[in-house]
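Quick mapping for you: the protein sequence lines, in order, are chains P and D. Position 6 of the first sequence, counted from 1, bears residue number 6 in our numbering, the numbering being contiguous throughout. Count along the second sequence starting at 1, add 1000, and that's the number in our numbering. Beta carbons: idealized from backbone N, C-alpha and C, even for Gly. Report on the structure given below.
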Amino acid sequence: KAGVTQTPRYLIKTRGQQVTLSCSPISGHRSVSWYQQTPGQGLQFLFEYFSETQRNKGNFPGRFSGRQFSNSRSEMNVSTLELGDSALYLCASSFPGTSGGPSPDTQYFGPGTRLTVL
Amino acid sequence: QQPVQSPQAVILREGEDAVINCSSSKALYSVHWYRQKHGEAPVFLMILLKGGEQKGHEKISASFNEKKQQSSLYLTASQLSYSGTYFCGTVRPMDSNYQLIWGAGTKLIIKP
């Protein structure tokens, strides 16, 4: 089975621009979560989509948005980029019922998109 | 609300043992452990559920102390391949949809 893929892998933007990142989950996985990873803050949860609906949301400003399509592929959009948005953006997909309990299931991470804002 | 991982970093010689702790001030339902090697995506290691048993993965095992709201990851006879940053993710019963809250990570360096 192919793993989680993310495009593009690297991106350089300037302040004020907007960016769209894409994530294709493992076939059969319906949940996609997005994370921001920075050296100082670690993994910060952005949001989770399940069956085209946002199921969970982290504490990020409204400039960060996402969506999920019927084929479970997901996109994340950041508008009006700021220097502090420079980070590695990871997406992870999961298949329901793998945790053995009412708990988040195993997350399969993609390689990430390295975003640099100048 | 973010779980606290300790130590922040540890350097070992190949063959030595290590313990990484993940503590929360709130009651937990489950603890998830992942490892991220440099330049790679995080990879799942194991989940510990409240009331569950200690789990193992090769020479890596973990426990979950419900009274202390703490999980410990044990790496025995460490190998060079164990190097990386270990993250714990915690879930509290009251969180809607059981959202994962991640620790800041523990960097493990194994030297030959």
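Taking the CA atoms as reference points, P:Ala-2 sits about 20 Å from D:Tyr-1034. Taking a cut-off of 8 Å for Cβ pairs, the region 1006–1022 of chain D and the region 1036–1049 of chain D do not touch, as fewer than three such pairs fall below it. Taking a beta-carbon distance threshold of 8 Å, P:Thr-80 does not count as an interface residue toward chain D. In the structure shown, the three-state DSSP call for D:Ser-1083 is coil.
Where P:Thr-80 is concerned, there is no enclosing beta strand (DSSP E), because DSSP gives it neither an H nor an E. The continuous beta strand (DSSP E) containing P:Ala-87 extends over residues 87–94.
Within the same chain, and ignoring the five residues on either side of D:Ile-1101 in sequence, the residues whose Cβ sits closer than 7 Å to its Cβ are Gln-1001, Gln-1002, Pro-1003, Gly-1089 and Thr-1090. The shortest C-alpha to C-alpha distance from D:Gly-1105 to any of D:Lys-1037, D:Glu-1014 and D:Ala-1027 is the one to D:Lys-1037.
When beta bridges are read from the DSSP output, D:Tyr-1074 appears opposite D:Val-1019 and D:Ser-1061. For P:Arg-67, the secondary structure class from DSSP, reduced to helix, strand or coil, is strand. Ranked by Cα distance from D:Ser-1078, the options D:Glu-1058, D:Leu-1028 and D:His-1032 are led by D:Glu-1058. Collapsing the DSSP output to three states places D:Ala-1009 in a strand.
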